[in-house]
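The structure appears right after this line, and notes come after that.
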Amino acid sequence: MSDSAPLVALTGIAKRYGGVQACRDIDLTVRPGEVHALLGENGAGKSTLMRILSGDVTDFVGEIEVAGQPRRFAGPADAQGAGIAMIHQELDLVPALSIAENVFLGRELRRVGRLDRRGMQQRTAAVLERIGVRLNPARPVEQLRTGEQQLVVIAKALSLDARVLIMDEPTSALSSSEVDRLFDVTRELRRDGVGVVYISHRMDEIARIADRATVLRNGETVGTFDPRTMSTAQVVEAMIGRPVQSVFTTSDVERGDELLRVEDLAVRHRRPRPGRRDPDGISLTVRAGEIVGLAGLLGAGRTELLETLYGVGSAGPTSGQVLLGGDPITPRSARYALRNGIAFVPEDRRVAGLVLFHSVLANTVIASLGSIGRLGLVSARRERRAAQDSAARLGIKTAAISDPVDTLSGGNQQKVVLGRVLRTQPRVLLLDEPTRGVDVGAKAEIYELLGELAGQGLGVLLASSELPELIGVCDRVVVLRAGRSVADFDTAQAREADVLAAAMGEQLTGATS
Amino acid sequence: MTATLTPTPQREGARRRSPLAWLARFQSVLGLVVVFVGAIVFSPTPDGEIIFLSGENLTNIVRAVSEIGIIAVGMTLVILVGGIDLSVGSVLSLAAVGSAVLLVDNQLPLAAAMALVLLVGLVFGALQGAASTLLGIQAFIVTLAGLSIARGLARLWSGGQAVPIAYGSGPGEAPIAFSLLGERTFNGIVPIPALIFVAVAGGAIAFLRISAFSRHVYAIGGNEKAARLSGVPVTRVKITVFAVCGLLAALAGIVHAGQLNQGGPNDAIGYELDVIAAVVIGGTALSGGRGTVIGTVAGALLLGVLNNILGLNSVDENVQLVIKGLVIVAAAAVARFAPRT
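See the structure below:
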């Protein structure tokens, strides 16, 4: 069946965003009844390519053929009309509506002008049955577990008569039994002749489910492979396949005493939050003057670990322990953590880091007002001096420190967050993806700053999705997988491939662990 | 953990220097000036004298807005943290009733009665803040309930009737000092309530300028998550702000009782809307994190001048309501295009 004419053929696709060439000359075909895996590092062009195929991006170079006919989609609705549906990582469901209402959202069935609830529920039940799911179509989506919601999204796509289904990291928030479920459904679809494009980083999943795998790198096709005969090592080499950039300055500081020690930390969440992977057995140490990297795939639990250490993670009984300078601590709030010298740079500075419409000054001093004034009073002059001091030290480029932070570039915004955090005089610095959305120059400055801080005896724990960054900046890299720490590499010896393989669940030979 | 950054265009930075932006920055003060000039133009002038500008009329305006203005200072804080307090009119009434009953029926000394009434307002506000933050219920709903509860308490406490206040030293009479609230000082020009309003507003402006607390207030309203991660004691600050708003509503209630010489359980119905209008006209964003007490003072005075000039011209009361509504929309429209500073 896999030799039949392709459902979709993409030829010579190229797309440029400003100065960044996201895709150049990519070819991809999807045949009926195949699961076609799409692999590549962050920024390799996977997302852009899929946004083009699903009609989300319309100005690009190249050809799309659907069932042999050249097509140019005007938008996602147009692509859906042609039988191409995408399942996003963030599930686009309305929580308060029922399964049936979600499946028919925006194209509700009507009978004599009134909503045909029963009709919608019957048709939804039929689609759910087709993929072997037993759920009451009248149930509100918010009552479903994440895995079940994922299946509802698939049902919705199928009810559109999708012939091509794009799944973007569909398993990142699923438990292993839910993954099995999803794969059963996927095999079912394959039998029905649906073509599936499957984006994932997990080699074991790709080996289980995919018929072909195409690897992208820097916006180009590296090649298309048979995932069943290909080793993880080969795939990883194909994905990385480039010299590691040397913008990094690894600190060669004397490593001092142990600052932070995490022993078999686990949180049994009282009220599970969907899409979270709370610590489930993590051990690591950070010594003074040391930069320790935190690697792991999407959903491995890096953010949740940092949040737990900062006292803002999931509520619930904790096992294992956290030691700060040898003393056990129980971080239960950001205030507690800050008082004990733990500071945190959150993942998304626009959502959790900054008050965007407030000034650079206000954002810089908000965490350290106690040291700027006394008895709850603040001197505007000292406040200004403190903010100017931080801006100068970190090289924040802004016309005036009274400018709102959202007039600054991403890199300068991140420096404002760093400046605020450093004003609290931390001993341990936790950073979550600090260079995301930051230009190359500011990245290098941030790396340099981290090295400097380590030189002053801080312990740094840096979570990142960028392997070159982890290998280049950190002294050691701890790898998380499914909420557990699974490997600890010395970056003097480790290669990117070793780290990636450990994160994906396959230990390569020669790795120190 | 995909990048969910949606870079917004940076036009706000560019707009900052436009004349419109400059205008918007002082919108409430400018609005006040415009309305003031308009009032001079439209003032009735029997015997060639502009009645609007007479000293007595101007001080009357300040006296008339003093109750709304005092509460609006507290409401500004609540709205700055992203909240709202709908209970203030009822709390005012409760405090007015409380003042009358404690002074007249219970014969409490003036200071004790005032302290008790203020404490009632403070605790009522704090409880609302606690219910909102600790139970995770929206402030709108909690204070809507508070509006009902405080009104009910006021009627229960007064027996459903306005409690008249007579002055003297005999039984059933309140200390004469309380009647000062209806008086004027400085050669009988400046009403005492206006002085209290000015003191409250001035105190709040100064406090906001120099306190760490105010930085916390703005940060919470601007981005609560970022504030929490920065170690701001979000829950404590929010409860405090609601407590202060309740306290100021009670203070306004005392002023109210003193001016009218009675505690009316059915007074100040709908005041919360005038208070919120003053805050919004003053340029404070209902979404929080943005606004000033100075703006609120200007907003309250603007409403007062408007009411005054319409009254001087004997404009129909219902027409007055329509005009007031249009002014609120106009102020909000200007704020909509204001720079986000």
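Here the protein sequences come in this chain order: A and B. Letter by letter, the first sequence follows residues 15 to 527 in our numbering. Letter by letter, the second sequence follows residues 16 to 356 in our numbering. All C-beta atoms in this analysis are idealised placements derived from N, C-alpha and C, irrespective of residue type, glycine included.
Under 8 Å by beta carbon: chain B residues contacting residue i
i	result
residue 496 (chain A)	Per Cβ cutoff of 8 Å: no residues; residue 496 (chain A) is ~15 Å from chain B at best.
residue 233 (chain A)	Going along chain B, no residue has its Cβ under 8 Å from residue 233 (chain A), so there is no contact; the nearest lies around 17 Å.
residue 101 (chain A)	Here the premise fails: no neighbours, minimum Cβ distance about 14 Å.
Where residue i meets chain B, residues with beta-carbon distance less than 7 Å
i	result
residue 365 (chain A)	240
residue 383 (chain A)	227 and 230
residue 387 (chain A)	227
residue 390 (chain A)	226, 227 and 228
Chain B residues whose Cβ lies nearer than 9 Å to that of residue i
i	result
residue 368 (chain A)	237, 238 and 241
residue 376 (chain A)	230, 233, 234 and 237
Nonlocal neighbours in the same chain, by C-beta distance under 7 Å from residue i, ignoring five residues either side
i	result
residue 59 (chain B)	66, 327 and 328
residue 292 (chain B)	318 and 343
residue 233 (chain B)	95 and 304
residue 257 (chain A)	Only weak support exists for where residue 257 (chain A) lies, its pLDDT of 39 falling under 50; the value from the coordinates is given anyway. Excluding residues within five positions, none has a Cβ falling inside 7 Å.
Three-state secondary structure (DSSP) of residue i
i	result
residue 427 (chain A)	helix
residue 9 (chain A)	Given a span of 15 to 527 for chain A in the structure shown, any question on residue 9 (chain A) remains unanswerable.
residue 218 (chain A)	helix
residue 96 (chain B)	coil
residue 27 (chain B)	Because the pLDDT at residue 27 (chain B) is just 36, under 50, the model does not fix this residue reliably, and the value given afterwards should be weighed accordingly. Looking at residue 27 (chain B) - three-state DSSP - the assignment turns out to be helix.
residue 29 (chain A)	strand
residue 509 (chain A)	coil
residue 77 (chain B)	helix
residue 84 (chain A)	strand
residue 346 (chain A)	coil
residue 498 (chain A)	strand
residue 101 (chain A)	strand
residue 371 (chain A)	coil
residue 307 (chain B)	coil
residue 189 (chain B)	strand
residue 255 (chain B)	helix
residue 472 (chain A)	coil
residue 190 (chain A)	helix
residue 213 (chain A)	strand
residue 118 (chain A)	coil
residue 48 (chain A)	coil
residue 260 (chain B)	helix
residue 484 (chain A)	helix
residue 45 (chain B)	helix
Beta-carbon neighbours of residue i, restricted to chain A and to distances below 8 Å
i	result
residue 304 (chain B)	369, 371 and 372
8 Å CB neighbourhood of residue i in its chain, flanking five on each side removed
i	result
residue 224 (chain A)	49, 50, 51, 212 and 241
residue 138 (chain A)	113, 114, 117, 118, 151, 169 and 173
residue 24 (chain B)	Residue placement at residue 24 (chain B) is poorly supported in this model, since its pLDDT is 36, which falls under 50; the coordinates are not used for a value here.
residue 145 (chain A)	165, 168, 169, 172, 199, 202 and 203
Own chain, CB closer than 6 Å to residue i, minus 5 neighbours either side, in chain order
i	result
residue 289 (chain B)	83
residue 330 (chain B)	none
residue 312 (chain B)	216
residue 307 (chain A)	476, 484, 488 and 491
residue 216 (chain A)	518
residue 424 (chain A)	451 and 452
residue 7 (chain A)	For residue 7 (chain A) there is no data in the structure shown, the boundaries of chain A being 15 and 527.
residue 80 (chain A)	22 and 96
Give, in chain order, every residue of the stretch 136-154 of chain B whose Cβ lies closer than 7 Å to some Cβ of chain A.
none
Of the residues that make up the stretch 274-303 of chain A, which ones have a beta carbon closer than 7 Å to any beta carbon in chain B?
Result list empty, no residue passes.
Can you list, in chain order, the residues of the stretch 188-202 of chain B whose Cβ is nearer than 7 Å to any Cβ on chain A?
Per Cβ criterion, the list is empty.
Of the residues that make up the stretch 342-359 of chain A, which ones have a beta carbon closer than 7 Å to any beta carbon in chain B?
348, 349, 352 and 358
Can we say the stretch 114-130 of chain B touches the stretch 173-186 of chain B, given the rule of at least three CB pairs closer than 8 Å?
yes
Flag this pair as touching only if the stretch 201-211 of chain B and the stretch 122-135 of chain B have three or more C-beta atom pairs under 8 Å; answer yes or no.
no
With 8 Å as the C-beta to C-beta threshold (strictly closer), list the residues of the stretch 240-262 of chain B near chain A in chain order.
Within the stretch 240-262 of chain B, the residues whose Cβ lies closer than 8 Å to any Cβ of chain A are, in chain order, 240, 241, 242, 243, 244, 245, 246, 247 and 248.
Three or more C-beta pairs under 8 Å: does that hold for the stretch 397-415 of chain A against the stretch 354-374 of chain A?
yes
Flag this pair as touching only if the stretch 331-351 of chain A and the stretch 493-505 of chain A have three or more C-beta atom pairs under 8 Å; answer yes or no.
Taking a cut-off of 8 Å on C-beta distances, the stretch 331-351 of chain A does not touch the stretch 493-505 of chain A, as fewer than three cross pairs fall below it.
Selection of the stretch 309-326 of chain A by Cβ proximity to chain B, strictly under 7 Å:
312, 317 and 326
If we count Cβ pairs, one from each stretch, closer than 8 Å, do we get three or more for the stretch 513-520 of chain A versus the stretch 271-283 of chain B?
no
Determine which residues of the stretch 426-441 of chain A have a Cβ less than 7 Å from any Cβ of chain D, and write them out in chain order.
As a matter of chain content, chain D is missing from the structure shown, whose protein chains are A and B.
Please confirm if the stretch 358-367 of chain A is in contact with the stretch 442-455 of chain A, defined as three or more CB-CB distances below 8 Å between the two stretches.
yes
What residues from the stretch 22-43 of chain A come within 8 Å of chain B, judged by C-beta to C-beta, listed N to C?
none
Are the stretch 348-355 of chain A and the stretch 233-247 of chain B touching, with three or more C-beta to C-beta distances below 8 Å?
yes
Tell me whether the stretch 227-246 of chain A and the stretch 40-49 of chain A touch, counting them as touching only if at least three CB pairs, one residue from each stretch, are closer than 8 Å.
yes
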